[in-house]
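These notes are about the structure you will find just below.
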Amino acid sequence: LRPPLQMGPLIPKLRGQFSSKGLYTFGYNYDGKFGAVPTQIENKNLKWERSAKFNIGTDISLFNRVNLEVDYYIEKTKDMIFNVPLSLTTGIATMPQNIGEMKNSGVEVMVNVDVFRNRDWNVSVNANLSHNKNKIEKLNSDNPIEGSITIRKPGEPYHTFFMKEYAGVNSDNGKPMWYKNVYGEDGSVIGKETTESYNEAEKRIVGTADPKLLGGFGAKASYKGFDLGVDFSYKVGGKVYNSGFAYDMQVGHYTFGPVSNYVYENAWRQPGDQTEVPAFVYRDGSGANQHSSRFLMNGSYLRMKNLTFGYTLPRSLTQKAFISNARIYFNADNLFTVRASDFIGFDPETRADGVQSWAYPVPRNFTFGVNLSF
Numbered sequence: 072l073r074p075p076l077q078m079g080p081l082i083p084k085l086r087g088q089f090s091s092k093g094l095y096t097f098g099y100n101y102d103g104k105f106g107a108v109p110t111q112i113e114n115k116n117l118k119w120e121r122s123a124k125f126n127i128g129t130d131i132s133l134f135n136r137v138n139l140e141v142d143y144y145i146e147k148t149k150d151m152i153f154n155v156p157l158s159l160t161t162g163i164a165t166m167p168q169n170i171g172e173m174k175n176s177g178v179e180v181m182v183n184v185d186v187f188r189n190r191d192w193n194v195s196v197n198a199n200l201s202h203n204k205n206k207i208e209k210l211n212s213d214n215p216i217e218g219s220i221t222i223r224k225p226g227e228p229y230h231t232f233f234m235k236e237y238a239g240v241n242s243d244n245g246k247p248m249w250y251k252n253v254y255g256e257d258g259s260v261i262g263k264e265t266t267e268s269y270n271e272a273e274k275r276i277v278g279t280a281d282p283k284l285l286g287g288f289g290a291k292a293s294y295k296g297f298d299l300g301v302d303f304s305y306k307v308g309g310k311v312y313n314s315g316f317a318y319d320m321q322v323g324h325y326t327f328g329p330v331s332n333y334v335y336e337n338a339w340r341q342p343g344d345q346t347e348v349p350a351f352v353y354r355d356g357s358g359a360n361q362h363s364s365r366f367l368m369n370g371s372y373l374r375m376k377n378l379t380f381g382y383t384l385p386r387s388l389t390q391k392a393f394i395s396n397a398r399i400y401f402n403a404d405n406l407f408t409v410r411a412s413d414f415i416g417f418d419p420e421t422r423a424d425g426v427q428s429w430a431y432p433v434p435r436n437f438t439f440g441v442n443l444s445f
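Heads up: the sequence shown begins at 72 in my numbering, then just goes up one per residue.
The following block contains the structure:
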């Protein structure tokens, strides 16, 4: 029995200390006198989360060339802690509470294969993957917990996006459209009726930030004094919501706001244009910049994380200079990233909740060096 290798179960974490205490913050002065305001409501009933874990794993070695590790886990969490939204009339946005139960289950696999090896050659490949299934099983409330773009609901993953679903642009007039909610007998959302009024549209579950697969793979090779290594990372599935796009992708709402190249190049201009970007209108009031799946994208990617190439000088040369080992190498990080076709932005790799805003692009790093051992 061993713990999970990579991804592991998803458990909401509480930020800060003294989360059950009523807290005040100083610095809010009034009439020239020192003052303080409440910044956290006391919750005497707050208690530790409880979890039950089951992990099972196996290691397999074949022909002294293939090594395989497989782990399966189940984790159930009770008294799950979450910052529950409060009415803003309290002056405080959230309060930590024990709200229910959650289940994580998944499998993680690692494999390493020596493909070829002899006196001069040595070639090996490796790969790993993680699959985690996350589901809220119970809440201590009859109603789901809704945020501005998320929902916590029994039967759904913890990081579930819940917002108005964007239906694209009306090709006749360039106005944005959203889907109305039409419900079936079982309460499920059906139909594709659209509206150009943001207020007429209702929220829908539009996906989760949780990837279906997460992992990496790579290869190493050496020939006499030369060595080469390459490593990739990947994610399959999982949504990314870019909250900064409400500003960056605006279509005239902000009078002196920015206009991104994407909007400039793809905005609707004349009847018949097929595009996802509405017409740019001075002081636009269409609601195109409001929270909706217009800014929700596929977070799948493939990234070349690292490339290393080196050459180790023959000892017959280095020993004459009293050097036991000398290696010259070149190293490159983050050479390229292949993104999903609908992804707009610098980097699809983001935090677990799938929300990003004005994320910095991942830098490419190039290094040349020499290692000497005496």
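Quick reminder that beta carbons are idealized off the backbone N, C-alpha and C, glycines included.
Predicted model, so just to flag it, every value in this text is computed and none were measured.
Taking C-beta to C-beta, are residue i and residue j nearer than 9 Å?
i, j, result
"Asn40", "Gly286", "What is shown of the chain runs 72 to 445, which leaves residue 40 out entirely."
"Val184", "Val137", "yes"
"Val409", "Glu420", "no"
"Met375", "Asn405", "yes"
"Phe451", "Glu217", "Residue numbering for the chain in the displayed model covers 72 to 445; residue 451 lies beyond these limits and cannot be assessed."
"Val194", "Leu139", "no"
"Val307", "Phe351", "no"
"Glu120", "Lys149", "yes"
"Ile127", "Asp142", "yes"
"Gly370", "Gly309", "yes"
"Lys204", "Asn175", "yes"
"Phe380", "Leu299", "yes"
"Met166", "Gln111", "yes"
Let me confirm a value: residue i is counted as buried when at least 16 other C-beta atoms fall within 10 Å, else exposed. Which label applies?
i, result
"Pro349", "buried"
"Gln345", "exposed"
"Glu271", "exposed"
"Pro329", "exposed"
"Asn135", "exposed"
"Phe445", "exposed"
"Pro441", "For the sequence presented, residue 441 should be read as Val rather than Pro. So Val441 counts as exposed."
"Tyr294", "exposed"
"Trp192", "exposed"
"Leu367", "buried"
"Arg188", "exposed"
"Gln168", "buried"
"Met78", "Residue placement at Met78 cannot be trusted, given a pLDDT of 43 that sits under 50; what the coordinates show is reported in the next sentence. By the neighbour-count rule (16 or more Cβ atoms within 10 Å), Met78 is buried."
"Ser212", "exposed"
"Trp429", "exposed"
"Gln427", "buried"
"Ser201", "buried"
"Pro225", "exposed"
"Val277", "buried"
"Arg275", "buried"
"Lys118", "exposed"
"Ser39", "The structure shown does not extend to residue 39, since the chain is modelled only from 72 to 445, so the question has no answer here."
"Tyr312", "buried"
Please classify residue i: does DSSP put it in a helix, a strand, or coil?
i, result
"Ser387", "helix"
"Ala392", "helix"
"Thr161", "helix"
"Asn270", "helix"
"Tyr250", "strand"
"Ala430", "coil"
"Ala403", "strand"
"Asn244", "coil"
"Lys224", "coil"
"Arg73", "Here the model assigns Arg73 a pLDDT of 37, short of 50, so the residue's position is not dependable, and the following value carries that caveat. Residue state, collapsed to three classes: coil."
"Thr265", "strand"
"Ser444", "strand"
"Lys376", "strand"
"Gly425", "coil"
"Leu117", "coil"
"Tyr382", "strand"
"Tyr101", "strand"
"Ile276", "strand"
"Lys283", "coil"
"Gly370", "coil"
"Ala411", "coil"
"Gly289", "strand"
"Phe232", "strand"
"Thr96", "strand"
From what residue to what residue does the beta strand (DSSP E) around residue i run?
i, result
"Gly171", "165-188"
"Glu140", "137-156"
"Pro109", "107-111"
"Arg435", "Arg435 -> no beta strand (DSSP E), and no H or E assigned at all."
"Leu133", "121-133"
"Ala238", "237-240"
"Phe89", "Where Phe89 is concerned, there is no enclosing beta strand (DSSP E), given that its DSSP letter is neither H nor E."
- Taking only runs of the beta strand (DSSP E) that begin and end inside the stretch 292-368, which ones reach a length of at least 3 residues, in chain order? 297-307, 310-313
- Query: Can you list, in chain order, the stretches of the beta strand (DSSP E) that have 3 or more residues and sit fully within the stretch 195-222?
  - Reply: none
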